[in-house]
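K.L.:
Chains as they are written, first to last, in the numbering used here: chain F, 205 to 693; chain G, 4 to 443.
(1) Relative to the C-alpha of residue 411 (chain F), which candidate in F:390, F:448, F:230 has its C-alpha closest?
(2) What separation, rounded to the nearest whole angstrom, lies between the Cα atoms of residue 25 (chain G) and residue 305 (chain G)?
(3) Using 8 Å as the limit for Cβ to Cβ distance, is residue 361 (chain F) near chain G?
(4) List the whole-angstrom C-beta distance separating residue 618 (chain F) from residue 646 (chain F), where the pair is believed to meet the contact cut-off of C-beta under 8 Å.
(5) According to DSSP, simplified to helix, strand and coil, what is residue 488 (chain F)?
(6) Do the region 218 to 228 of chain G and the region 195 to 207 of chain G touch if we need at least three Cβ pairs shorter than 8 Å?
(7) Taking C-beta to C-beta, are residue 389 (chain G) and residue 364 (chain G) nearer than 8 Å?
(8) Would residue 208 (chain F) be called buried (16 or more neighbouring beta carbons within 10 Å of its own) or exposed?
(9) Using a Cβ-Cβ cut-off of 7 Å (strictly less than) and excluding sequence neighbours within five positions of residue 50 (chain G), which residues of its own chain qualify?
(10) Going along chain F, which residues have a C-beta under 7 Å from residue 195 (chain G)?
(11) Can you tell me which of F:433, F:652, F:443 puts its alpha carbon nearest to the alpha carbon of residue 505 (chain F)?
(12) Can you find a CB in chain F that lies within less than 8 Å of the CB of residue 54 (chain G)?
(13) Comparing alpha-carbon positions, which option in F:457, F:513, F:555 lies nearest residue 253 (chain F)?
(14) Tell me, which residues are paired with residue 233 (chain G) by DSSP?
(15) How would you label residue 572 (chain F), buried or exposed, when you count the other beta carbons within 10 angstroms and need 16 or more for buried?
(16) Please compile the residues from chain F whose C-beta is within a distance smaller than 8 Å of the C-beta of residue 392 (chain G).
(17) Out of F:634, F:277, F:300, F:445, which one is the CA nearest neighbour of residue 286 (chain F)?
(18) With C-beta atoms as the reference, is residue 288 (chain F) less than 8 Å away from residue 315 (chain F)?
(19) What number of angstroms, rounded off, separates the C-alpha of residue 670 (chain F) from the C-alpha of residue 574 (chain F)?
(20) Shortest alpha-carbon distance to residue 452 (chain F) belongs to which of F:408, F:433, F:435?
(21) Would the region 367 to 384 of chain F count as touching the region 514 to 525 of chain F if we require 3 or more Cβ pairs under 8 Å?
(22) What does the alpha-carbon distance come out to for the pair residue 440 (chain G) and residue 480 (chain F)?
(23) Looking at C-alpha atoms only, which residue of G:383, G:164, G:379 is the closest neighbour of residue 366 (chain G)?
(24) Whole angstroms is fine: what's the gap from residue 247 (chain G)'s alpha carbon to residue 433 (chain G)'s?
(25) Can you give me, in chain order, the residues of the region 395 to 406 of chain G that have a beta carbon less than 8 Å from any beta carbon in chain F?
(26) Can you give me the C-alpha to C-alpha distance between residue 109 (chain G) and residue 115 (chain G), rounded to a whole angstrom?
(27) Quick test of the definition: if touching needs 3 or more C-beta pairs under 8 Å, does the region 221 to 233 of chain G touch the region 311 to 322 of chain G?
(28) On the CB-based measure, 16 or more other CB atoms within 10 Å of its CB, does residue 4 (chain G) come out buried or exposed?
(29) Residue 406 (chain F) bridges to which residues according to DSSP?
(30) Please report the distance separating the alpha-carbon of residue 141 (chain G) from that of residue 249 (chain F).
(31) Measure from the C-beta of residue 256 (chain G) to each C-beta in chain F and report whether the shortest distance is under 8 Å.
(32) Against chain B, does residue 47 (chain G) count as a neighbour if the rule is that its beta carbon must be under 8 Å from one of theirs?
(33) Any chance you could list the beta strand (DSSP E) runs of at least 3 consecutive residues sitting entirely within the region 255 to 325 of chain F, in chain order?
(34) Taking Cβ positions, are residue 460 (chain F) and residue 693 (chain F) nearer each other than 8 Å?
(35) Give the residues from the region 62 to 78 of chain G that approach chain F closer than 7 Å (Cβ to any Cβ), ordered along the chain.
(36) Which residue wins for smallest C-alpha separation from residue 245 (chain F), given the options F:436, F:293, F:389?
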């Protein structure tokens with residue numbers, strides 16, 4: 205159901221963004237017959253597969269700082285990406301002028317990846333709708349009254365500011381979007397999806413006698429307004445940011461060297477995302493770049509470890525009904541009790557590895573061709589009681605919140621801790637600030653040796669090949685036998 | 004549409020917004036054509052050819068601000084967007100610091116900056132494909148490289164149009180060409196990756212392709228056999244890329260936005276000594292033919308040469324109009340960030356710098372975030388070559404370096420004479436007296 209209220213300035217009314225056919229015809233101004241023709245033109249030079257990805261996205265943001273709503277902004281993008289595959293080669297073009305002539309020109313540019321060869325007949329469209337809905341479309345934030353959104357941003361702002369007299373600056377911002385996509389390909393698929401996304405982010409800086417600390421916290425997903433009434437309140441988001449800022453005021457430098465590391469449940473999914481997730485995206489594997497390329501079926505982790513990527517968790521930031529190639533998403537098992545059992549595939553990687561796509565082809569926007577990406581990557585919970593995990597460590601590092609992480613094809617990865625604690629004799633003692641932890645995928649997965657019975661999620665943006673997509677990653681509390689902690693001596 | 008027509012459209016939209024209730028407005032139109040080719044295993048893996056346009060609007064009404072952007076240039080659509088934005092501005096809070104700058108007294112002629120190169124704009128796809136293919140085939144001739152992660156060649160050209168209700172309007176054309184290669188190698192069970200890329204606004208100044216290959220191969224193969232070392236405090240020599248990384252973190256800390264939001268260790272440090280007297284940091288958007296140059300910033304303020312740090316003293320923040328108003332200073336013409344931001348070269352050759360270290364790290368790569376402007380803390384995954392008795396010995400990796408930028412700036416003991424303006428943020432080789440390394 206769509207609310208009647210419309211944002212000012214929108215190019216088309218949002219309630220026209222319906223997955224009911226022919227929603228795409230009115231939004232993109234192109235008929236399925238014309239799409240069929242363009243797909244055929246794209247194969248004129250001998251490609252084996254052609255695809256159109258139409259996108260219409262409205263993104264809004266607003267930011268509160270210095271006790272006022274600083275500004276709001278609205279961005280509208282409309283465009284098409286045209287892709288032609290020939291063997292393992294990709295031709296790609298995009299345009300935001302959606303006339304038939306411009307589409308033909310773009311299709312020909314993409315077509316030039318192939319030269320000569322047989323022509324493939326375009327199949328008649330089998331118009332489908334996504335089988336499932338994993339989004340809250342009842343109270344779409346991008347569609348709600350600005351006043352209502354301002355209230356949300358302001359509640360978070362106030363609670364962060366009032367948390368402690370030492371809080372000197374607060375920035376509270378809300379970003380929301382609604383994306384409508386229509387995907388058509390030469391195999392006759394024609395499918396649309398309407399995807400909401402929202403995130404409320406608070407950053408707070410505390411000041412005390414020349415010392416400073418900045419903390420941040422965020423929550424959101426493919427959620428509606430209800431989320432901020434029931435799941436997490438804006439007040440909690442504000443307080444969490446300020447709490448971290450205050451703790452950081454007196455945080456000390458982390459120690460340096462190898463030691464046992466305990467990852468708290470809240471945000472430590474970052475480690476799984478970098479160390480395990482990226483190496484299991486199939487593009488790096490069919491190209492032989494990933495260190496997991498030849499390890500299918502082998503034990504790659506401690507038998508306690510089970511990891512999956514599930515795009516079907518309702519209303520999560522990384523969830524999708526269909527991926528950006530129109531494939532239905534699913535819960536993909538990656539590592540089962542330590543054994544490597546699956547990769548995340550898009551259509552191209554699946555073709556190159558003789559299997560079927562499992563719905564992991566994603567793109568930032570119509571400007572980018574799809575590549576295998578994560579959605580919601582989860583390390584399954586275990587049996588240990590979180591307190592017992594901390595108690596088991598004589599001297600070590602406890603990681604709480606993160607700036608992010610990075611990994612290379614070689615499996616070398618880092619994650620940057622914003623706030624951590626020293627563990628001494630099984631207890632959390634001093635608060636510690638900024639430390640980078642470094643490790644190697646293969647070793648780290650064998651070194652995870654205690655897994656908690658709790659779970660938390662990190663909400664992030666994942667960058668790869670110049671494309672950014674929203675993801676989450678979840679973990680229970682974990683113990684890693686040893687890791688190098690990048691602090692100071 | 005010709006550039007002059009786009010300019011007229013922007014001017015018309017300014018008039019439209021003012022006549023529909025805006026006190027002030029800014030309209031920018033960006034149009035670009037991009038081409039990219041990526042090769043791997045002697046095949047074109049991806050070829051992209053596309054064009055795009057975007058228009059963005061900023062409205063100030065009654066000291067209240069709202070923004071919008073869209074990818075549709077249809078006048079009626081944009082006018083509707085402007086009207087909506089004016090309405091939305093009314094819901095923002097009144098902010099006396101939200102003003103437009105005054106129009107600058109004089110401007111650099113965009114042509115003098117040489118940001119557009121006809122040779123790049125006219126390059127044929129075949130020529131770009133040839134560049135990418137050459138880079139890979141040359142690199143793979145080297146037996147110590149066992150996998151290509153892909154070579155690429157990108158070109159772009161476009162027009163940037165800006166109009167403000169303070170009377171400023173202008174446009175300039177730009178081009179760029181970039182190419183490079185990513186490589187991978189391994190020994191036993193360990194893998195190593197690196198590569199090299201170059202970018203330039205002028206075809207004739209683009210570095211020789213075999214130089215790119217040579218550098219990519221050298222950077223990748225020198226990592227083979229890397230060891231992890233024990234944790235210790237040592238001097239660190241930053242290669243020019245790594246010095247530039249450090250300079251990037253400094254740019255973030257010295258930006259006016261970080262200062263007025265108090266998320267910087269440089270708050271209240273204007274006029275104070277923040278670095279070793281050897282250190283001079285400059286931002287200069289007026290250098291002809293360099294990738295960071297621009298005649299004016301996103302608010303139409305004329306570019307200039309700005310001394311940010313002079314003989315170790317903090318002379319200026321990097322300011323747009325809003326941050327300047329907040330800090331009771333004047334815009335330095337940096338709406339949109341730094342231009343050509345560089346650490347001035349010193350007297351020492353890189354060899355002399357390395358030779359001065361008895362036991363330390365020659366840092367060649369980092370991974371991860373690990374920078375906190377609020378405190379100046381830095382902690383990153385690192386790899387490089389170990390220095391013993393003034394000589395490069397064996398490669399090291401899976402370690403981290405950490406320290407605090409406030410200390411690092413004071414601990415810069417030597418500056419290299421090897422500054423090259425190959426990117427928009429550059430620095431020479433530097434030696435930092437001491438930082439922490441975490442390893443075994």
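All residues carry an ideal CB built from backbone N, CA and C; glycine is no exception.
P.N.:
So, from the data block:
(1) Here residue 411 (chain F) refers to the residue found at position 207 when the first chain is read from its first residue. Ranked by Cα distance from residue 411 (chain F), the options F:390, F:448, F:230 are led by F:448.
(2) Looking up residue 25 (chain G) in the second chain gives position 22. Looking up residue 305 (chain G) in the second chain gives position 302. Looking at the backbone, the Cα of residue 25 (chain G) and that of residue 305 (chain G) are separated by about 24 Å.
(3) On the first chain, position 157 is the one that residue 361 (chain F) refers to. So no, residue 361 (chain F) is outside the interface.
(4) Your numbering for residue 618 (chain F) matches position 414 in the first chain. Your numbering for residue 646 (chain F) matches position 442 in the first chain. Not really, about 15 Å apart at Cβ, beyond 8 Å.
(5) Taking the first residue of the first chain as position 1, residue 488 (chain F) is located at position 284. Residue state for residue 488 (chain F) is assigned as helix, using DSSP reduced to three classes.
(6) Contact holds: three or more Cβ-Cβ distances are below 8 Å.
(7) Against the second chain, residue 389 (chain G) aligns to sequence position 386. Against the second chain, residue 364 (chain G) aligns to sequence position 361. Going by C-beta atoms, residue 389 (chain G) is nearer than 8 Å to residue 364 (chain G).
(8) In the first chain, counting from the first residue as 1, residue 208 (chain F) sits at position 4. With a pLDDT of only 26 at residue 208 (chain F), under 50, the local geometry of the prediction cannot be trusted, and no value is derived from it.
(9) Along the second chain, one-based indexing puts residue 50 (chain G) at 47. Within the same chain, residue 50 (chain G) has close Cβ partners 40.
(10) Locating residue 195 (chain G) in the second chain gives position 192, counting from the first residue. At a beta-carbon threshold of 7 Å, the residues of chain F lying near residue 195 (chain G) are 614, ordered along the chain.
(11) Position 301 of the first chain, counted from the start, is the residue given in the question as residue 505 (chain F). Measuring from the Cα of residue 505 (chain F), the nearest candidate turns out to be F:652.
(12) What you label residue 54 (chain G) is simply residue 51 of the second chain in a count that begins at 1. Yes, its Cβ sits closer than 8 Å to a Cβ of chain F.
(13) Position 49 of the first chain, counting from 1, holds the residue named residue 253 (chain F). Among F:457, F:513, F:555, the Cα nearest to that of residue 253 (chain F) belongs to F:555.
(14) For the purposes of this step, residue 233 (chain G) is taken as residue 230 along the second chain, with counting starting at 1. None, per the DSSP bridge assignment.
(15) Stepping through the first chain from its first residue, residue 572 (chain F) is reached at position 368. Per the 10 Å Cβ criterion, buried.
(16) As a working mapping, residue 392 (chain G) is identified with position 389 in the second chain. Listed along chain F, no residue sits closer than 8 Å to residue 392 (chain G) by beta-carbon distance, the nearest being about 22 Å off.
(17) What you label residue 286 (chain F) is simply residue 82 of the first chain in a count that begins at 1. It is F:300.
(18) As a position in the first chain, residue 288 (chain F) is number 84, starting the count at 1. As a position in the first chain, residue 315 (chain F) is number 111, starting the count at 1. Yes, the Cβ-Cβ distance between residue 288 (chain F) and residue 315 (chain F) is below 8 Å.
(19) Here residue 670 (chain F) refers to the residue found at position 466 of the first chain. Here residue 574 (chain F) refers to the residue found at position 370 of the first chain. Taking the straight line from one Cα to the other gives about 12 Å.
(20) Here the question's residue 452 (chain F) lines up with position 248 in the first chain. It is F:408.
(21) The region 367 to 384 of chain F vs the region 514 to 525 of chain F: no contact.
(22) Within the second chain, residue 440 (chain G) is the residue found at index 437, counting from 1. Within the first chain, residue 480 (chain F) is the residue found at index 276, counting from 1. Going by the C-alpha atoms only, they are around 26 Å apart.
(23) To locate residue 366 (chain G), count along the second chain from 1; it is residue 363. Comparing C-alpha distances from residue 366 (chain G) to each of G:383, G:164, G:379 shows the shortest one belongs to G:383.
(24) Counted from its first residue, the second chain places residue 247 (chain G) at position 244. Counted from its first residue, the second chain places residue 433 (chain G) at position 430. If you take the alpha carbons of residue 247 (chain G) and residue 433 (chain G), they lie about 10 Å apart.
(25) Contact annotation: in the region 395 to 406 of chain G, residues whose CB is within less than 8 Å of a CB in chain F are 400, 401, 402, 403, 404, 405, 406.
(26) Taking the second chain and counting its residues from 1, the one referred to as residue 109 (chain G) is at position 106. Taking the second chain and counting its residues from 1, the one referred to as residue 115 (chain G) is at position 112. Residue 109 (chain G) and residue 115 (chain G) have their C-alpha atoms some 14 Å from each other.
(27) No: fewer than three Cβ pairs fall under 8 Å.
(28) Taking the first residue of the second chain as position 1, residue 4 (chain G) is located at position 1. So residue 4 (chain G) ends up on the exposed side.
(29) Here residue 406 (chain F) corresponds to residue number 202 of the first chain, with the count starting at 1. Its beta-bridge partners are F:376, F:421.
(30) In the second chain, counting from the first residue as 1, residue 141 (chain G) sits at position 138. In the first chain, counting from the first residue as 1, residue 249 (chain F) sits at position 45. When rounded, the distance between both Cα atoms is 30 Å.
(31) Taking the second chain and counting its residues from 1, one reaches residue 256 (chain G) at position 253. For residue 256 (chain G), no Cβ of chain F is located within less than 8 Å of the residue's own Cβ.
(32) Checking the listed chains, one finds no chain B in this structure; the protein chains it contains are F and G.
(33) Scanning the region 255 to 325 of chain F for uninterrupted beta strand (DSSP E) segments of 3 residues or longer gives 272 to 290, 293 to 299, listed from N- to C-terminal end.
(34) Indexing the first chain from 1 puts residue 460 (chain F) at position 256. Indexing the first chain from 1 puts residue 693 (chain F) at position 489. Inclusion of residue 460 (chain F) and residue 693 (chain F) in the CB contact set at 8 Å is warranted, their separation being smaller than that value.
(35) Sequence-ordered contacts of the region 62 to 78 of chain G with chain F read 68, 69, 70, 71, 72, 73, 74, 75 [C-beta pairs closer than 7 Å].
(36) Here residue 245 (chain F) refers to the residue found at position 41 when the first chain is read from its first residue. Per the Cα distances, F:389.
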